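Asks:
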Amino acid sequence: MARRDITGAVDFEYLEDYAAGDRTVIEEVLALFREQASMWSPMLDPDGDGWRDAVHTIKGAARGIGAFTLGDVCERTELQGASGLGSVRTALDAALFDVAAYAHELELQRIRGR
C-alpha cells in the first residue's frame with residue numbers, strides 16, 4: 245500500500261496545508277483519527293444510544309483531516325437517522341484506507357531518507 249493506492253476519500257493536500265507541511269503534526273493527527281475510529285465504530289449501532297454522538301464526532305474529525313465526503317455522509321445521517329449508518333461505516337472505511345496508504349507512504353519516505 246502506498247500513495248498510489250489513495251482513493252481520494254481524504255484530501256491530504258488540505259491536511260498538509262492546514263498543518264503547514266509539518267509531518268509530525270500530520271502524523272499525530274492521522275494517528276489520533278485512526279485511534280478514535282476504533283472507538284467510534286462499535287458506537288455505530290442503530291440500537292445503541294451513542295450512535296448520534298459518534299456520527300457528530302466523526303463529522304468534525306473527518307472534516308478536520310480533509311475527509312469531506314465522510315463529513316457530508318455524517319451530516320446527512322444526523323438529519324436522516326440511523327438508516328444512514330451503513331453509509332457512515334462505508335465512508336469511514338474508505339477514509340481509513342486512504343489514511344493507511346498515506347501513512348505507509350510517509351514511512352517509506354522516512355526509510356528512504358526523504
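Taking my numbering, I'd label the letters of the sequence shown as residues 245 to 358. The C-beta atom is built at its ideal place from N, Cα and C for all residues, glycine as well. All values reported here derive from a predicted model rather than from experimental measurement.
Would you identify the three-state DSSP class for Asp-255, choosing helix, strand or coil?
Replies: Mapped onto the sequence shown, residue 255 falls at position 11. Reduced to three states, the DSSP call for Asp-255 is coil.
Asks: For Ala-263 versus Val-273, is the C-beta spacing smaller than 8 Å?
Replies: Residue 263 sits at position 19 when you count from the first residue of the sequence shown. Residue 273 sits at position 29 when you count from the first residue of the sequence shown. Cβ distance < 8 Å, so Ala-263 and Val-273 count as in contact.
Asks: Does the segment 282-292 touch the segment 247-261, meaning 3 or more C-beta pairs lie closer than 8 Å?
Replies: no
Asks: Go ahead and pull the three-state DSSP assignment for Arg-358.
Replies: Locating residue 358 in the sequence shown gives position 114, counting from the first residue. Arg-358 falls in the coil class under three-state DSSP.
Asks: Which of helix, strand or coil does DSSP assign to Ile-250?
Replies: In the sequence shown, residue 250 corresponds to position 6, counting from 1. Reduced to three states, the DSSP call for Ile-250 is coil.
Asks: Do Val-299 and Thr-334 have their C-beta atoms within less than 8 Å of each other?
Replies: The residue labelled residue 299 in the question sits at position 55 within the sequence shown. The residue labelled residue 334 in the question sits at position 90 within the sequence shown. Not a contact, by the Cβ cut-off of 8 Å.
Asks: Straight-line CA distance for Ser-327 to Pro-290?
Replies: On the sequence shown, residue 327 is found 83 positions in, with the first residue counted as 1. On the sequence shown, residue 290 is found 46 positions in, with the first residue counted as 1. In a straight line, the C-alpha of Ser-327 is about 8 Å away from that of Pro-290.
Asks: For the alpha helix (DSSP H) containing Ala-326, name the first residue and the last one.
Replies: On the sequence shown, residue 326 is found 82 positions in, with the first residue counted as 1. Per DSSP, Ala-326 belongs to no alpha helix (DSSP H) and is neither H nor E.
Asks: To the nearest whole angstrom, what separates the beta carbons of Val-343 and Arg-278, a pair I think is in contact under 8 Å?
Replies: Residue mapping note: residue 343 aligns to position 99 of the sequence shown, counting from 1. Residue mapping note: residue 278 aligns to position 34 of the sequence shown, counting from 1. The Cβ separation is near 6 Å, so the contact holds.
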